Amino acid sequence: MEQKIIVAIDGYSSSGKSTMAKALAKTVGYHYVDSGAMYRAVTLFAMRHGMIAPDGTVDSNALEADLPKIHITFATDTDGSQVTELNGEVVEQEIRGLGVADHVSAVAAIGAVRDRLTALQREMGVKKGIVMDGRDIGTTVFPQAEMKVFVQASPEVRARRRWLELAGKGQNVSYQEVLDNVRERDRIDTTRAISPLRKAADALELDNDHLTMEEQMQWLLGKFQEIAGGKN
Ligand code: CDP
Numbered sequence: 275m276e277q278k279i280i281v282a283i284d285g286y287s288s289s290g291k292s293t294m295a296k297a298l299a300k301t302v303g304y305h306y307v308d309s310g311a312m313y314r315a316v317t318l319f320a321m322r323h324g325m326i327a328p329d330g331t332v333d334s335n336a337l338e339a340d341l342p343k344i345h346i347t348f349a350t351d352t353d354g355s356q357v358t359e360l361n362g363e364v365v366e367q368e369i370r371g372l373g374v375a376d377h378v379s380a381v382a383a384i385g386a387v388r389d390r391l392t393a394l395q396r397e398m399g400v401k402k403g404i405v406m407d408g409r410d411i412g413t414t415v416f417p418q419a420e421m422k423v424f425v426q427a428s429p430e431v432r433a434r435r436r437w438l439e440l441a442g443k444g445q446n447v448s449y450q451e452v453l454d455n456v457r458e459r460d461r462i463d464t465t466r467a468i469s470p471l472r473k474a475a476d477a478l479e480l481d482n483d484h485l486t487m488e489e490q491m492q493w494l495l496g497k498f499q500e501i502a503g504g505k506n
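Taking this note's numbering, the leading residue of the sequence shown gets 275, the next gets one more, and so forth.
Next up, the structure:
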């Protein structure tokens with residue numbers, strides 16, 4: 275019987291990680307987990323509970339105290355897509371907006387938040403057969419993952435993709451606002467003290483500036499078959 279593996283996909287914001295992670299999981303029959311959605315849901319909780327000051331400072335003590343009250347789950351929508359729930363409420367749309375994106379990297383830099391979400395993510399991978407995407411999956415959450423991918427693309431290409439995605443969802447934001455957000459999150463994510471975004475030494479690199487979604491998927495599936503197939 276084929277042995278299941280863990281696939282860790284990390285990379286910069288809007289690099290297309292989620293799309294490729296989801297597609298791979300669907301194709302090979304694995305479970306997909308969007309770790310960024312979990313950081314986004316915690317951020318939404320903090321915003322709703324007045325824990326983020328107008329200048330963007332996060333009240334980390336209050337948030338840490340309330341962490342046991344935050345329950346994040348994933349449900350399946352009628353069209354088969356995965357939706358994020360915060361304490362039982364579907365928050366999928368709300369967590370994808372620029373409001374949450376503006377604060378998520380500050381929330382994700384808090385040690386207690388990372389400890390809690392990392393523990394939850396590890397539990398989700400106990401049985402393997404999982405594709406998880408994020409910033410620290412190959413470095414911190416699953417350093418033993420059999421397959422690790424690090425995705426890169428230029429900030430401009432990433433901002434354009436995200437801007438088109440948000441515009442398609444009817445959100446009225448400018449390309450410049452999205453580019454600023456992408457750059458600022460890159461900065462915070464790569465320079466934070468705990469689990470900063472970086473390529474794991476044993477991760478495969480994918481620079482997708484000039485790749486179509488299809489070319490990217492072919493590359494990913496090829497690597498998966500090499501690695502998981504070798505486990506037969
Ligand atoms: O969708 P996008 O690639 O822009 O971001 P995301 O995957 O939804 O992650 C949102 C934010 O959560 C990131 O900018 C990080 O600050 C944080 N994050 C993290 O710190 N660690 C992870 N494993 C996943 C996300």
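Yeah, the Cβ is synthetic: ideal placement off N, Cα and C, and Gly gets one too. Keep in mind it's a predicted model, so treat the numbers as computed, not measured.
Check: residue i C-beta below 7 Å from any heavy atom of the ligand CDP
i: Ile280; result: no
i: Arg410; result: Note that residue 410 is Asp in the sequence shown, not Arg. Indeed, a heavy atom of the ligand CDP lies less than 7 Å from the Cβ.
i: Ser428; result: no
i: Asp463; result: yes
Reduced DSSP secondary structure (H/G/I, E/B, other) of residue i
i: Gln449; result: The residue asked about is misnamed: residue 449 is Tyr in this sequence, not Gln. In this structure, Tyr449 counts as helix in the three-state DSSP scheme.
i: Gly408; result: strand
i: Thr350; result: strand
i: Ile326; result: strand
i: Thr413; result: helix
i: Thr331; result: coil
i: Tyr306; result: strand
i: Asp460; result: helix
i: Asp481; result: strand
Extent of the continuous beta strand (DSSP E) to which residue i belongs
i: Met421; result: 421-426
i: Ile344; result: Run containing Ile344: none; DSSP gives neither H nor E here.
i: Leu495; result: No beta strand (DSSP E) contains Leu495, which is instead part of the alpha helix (DSSP H) from 487-503.
i: Ala282; result: 280-285
i: Gln418; result: Note, Gln418: premise wrong, no beta strand (DSSP E); not H, not E.
i: Gln356; result: 356-360
Span of the alpha helix (DSSP H) around residue i
i: Leu471; result: Taken as a continuous stretch (DSSP letters only), Leu471 belongs to no alpha helix (DSSP H), as it is neither H nor E.
i: Arg434; result: 429-442
- Message: In chain order, what are the residue ranges of uninterrupted beta strand (DSSP E) at least 3 long that sit wholly in the region 365-411?
- Response: Fully enclosed beta strand (DSSP E) runs of 3 or longer: 404-408.
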